[in-house]
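Here the sequence shown is numbered in the numbering used here, starting from 3 and rising by one per residue. Written below as structure tokens is the structure these notes are about.
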Amino acid sequence: MSTTSTTSSVVATSTAGPAPAPAGASPGITSVAKSGKSTKVLTQASYQALVSGLQSTFQPTDTFNVPGGTLTRDQIIAQLNTFISAAEATKAARQQWLTAVAGERSTLGDVTPLRQSIRSILQGRFGKEGPALTSFGFSPAKLAKRTAHTKAAAAVKTAATREARHTMGTVQKKTVKGDVVGIAVTPLVASPPQPASGASTPSSPSTPSPSPSPASPATTSPAQPVASSSH
Numbered sequence: 003m004s005t006t007s008t009t010s011s012v013v014a015t016s017t018a019g020p021a022p023a024p025a026g027a028s029p030g031i032t033s034v035a036k037s038g039k040s041t042k043v044l045t046q047a048s049y050q051a052l053v054s055g056l057q058s059t060f061q062p063t064d065t066f067n068v069p070g071g072t073l074t075r076d077q078i079i080a081q082l083n084t085f086i087s088a089a090e091a092t093k094a095a096r097q098q099w100l101t102a103v104a105g106e107r108s109t110l111g112d113v114t115p116l117r118q119s120i121r122s123i124l125q126g127r128f129g130k131e132g133p134a135l136t137s138f139g140f141s142p143a144k145l146a147k148r149t150a151h152t153k154a155a156a157a158v159k160t161a162a163t164r165e166a167r168h169t170m171g172t173v174q175k176k177t178v179k180g181d182v183v184g185i186a187v188t189p190l191v192a193s194p195p196q197p198a199s200g201a202s203t204p205s206s207p208s209t210p211s212p213s214p215s216p217a218s219p220a221t222t223s224p225a226q227p228v229a230s231s232s233h
């Protein structure tokens, strides 16, 4: 029996009896991880099917003329199995990498809150803008620089918000006056105090008598000179 293709041909045509058992079993194909692609498994399966076909149809001594030279069946199978084994090794390494990444993310989730707590403690000691934070691997907070344009825009926005909400300051509230409408207010008038029982009623104060007017000075005649008699 002979098989001819555009790239290879079978030189040996021995067909006596069934093909013997293969010298080495083909590597098994495992499934790929969930996050991987199934194309690799399909590629491996196609090469493994070729290996199985060669083992069941040709003898180990059958040779094939290929671009790389003349190879026996087992030599071709060995090269095909090399790729299948390499693909399995990369899948195993990738699965180990995925497991390591999952472990890394788990530990990162454990230490992230701890780092944030230490950062809060250091900010309380050195301040959020303290340059000393860089020694611990933290970036100091930057103060936002407001330009004149930004300040003017903020002032206009604040005024518009106050106007829309009818917000008034302390001085403006003092100017708002008015009467209460819709509410009847009953004034409370205090009654005069009642005298206690048994207590004497104080007499009304007597009208003071007018004070005597000052006496007018008496009109006196000038003293007459006394004549003395001489003896």
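Every residue, glycine too, gets a C-beta built ideally from N, C-alpha and C.
Same chain, Cβ closer than 8 Å to residue i, five either side skipped, listed in chain order
{"i": "Ser218", "result": "Any reading at Ser218 is ruled out, since the residue's pLDDT is 49, under 50, leaving its predicted position unreliable."}
{"i": "Ala156", "result": "Arg148"}
{"i": "Pro133", "result": "Pro142"}
Separation of residue j from residue i, as counted between CA atoms
{"i": "Thr163", "j": "Leu145", "result": "25 Å"}
{"i": "Met170", "j": "Ala150", "result": "26 Å"}
{"i": "Val158", "j": "Thr177", "result": "24 Å"}
{"i": "Ser119", "j": "Gln46", "result": "51 Å"}
{"i": "Arg167", "j": "Gln174", "result": "14 Å"}
{"i": "Ile78", "j": "Arg107", "result": "44 Å"}
{"i": "Ser10", "j": "Gly111", "result": "Bear in mind that the predicted position of Ser10 carries a pLDDT of just 43, short of 50, making it too unreliable to give a figure here."}
{"i": "Thr67", "j": "Arg96", "result": "Note on residue identity: the sequence assigns Asn, not Thr, to residue 67. Computed Cα separation, rounded: 37 Å."}
{"i": "Lys179", "j": "Glu165", "result": "20 Å"}
{"i": "Phe140", "j": "Lys153", "result": "30 Å"}
For residue i: DSSP bridge partner residues
{"i": "Gly111", "result": "Beta-bridge pairing links Gly111 to no other residue."}
{"i": "Gly105", "result": "Paired residue(s): none; Gly105 is not in a bridge."}
Member of the options whose CA lies at the smallest distance from the CA of residue i
{"i": "Gly70", "options": "Gln81, Asp64, Phe60", "result": "Gln81"}
{"i": "Ser48", "options": "Ile86, Leu100, Lys179", "result": "Ile86"}
{"i": "Leu56", "options": "Glu131, Leu44, Asn83, Gly129", "result": "Asn83"}
{"i": "Leu135", "options": "Ala88, Gly30, Arg117, Arg148", "result": "Arg117"}
Cβ-based neighbour list, residue i, same chain, cut-off 7 Å, excluding 5 preceding and 5 following
{"i": "Thr32", "result": "Glu90, Lys93"}
Proximal residues to residue i (C-beta, below 6 Å), its chain only, five neighbours per side dropped
{"i": "Ala143", "result": "Lys130, Glu131"}
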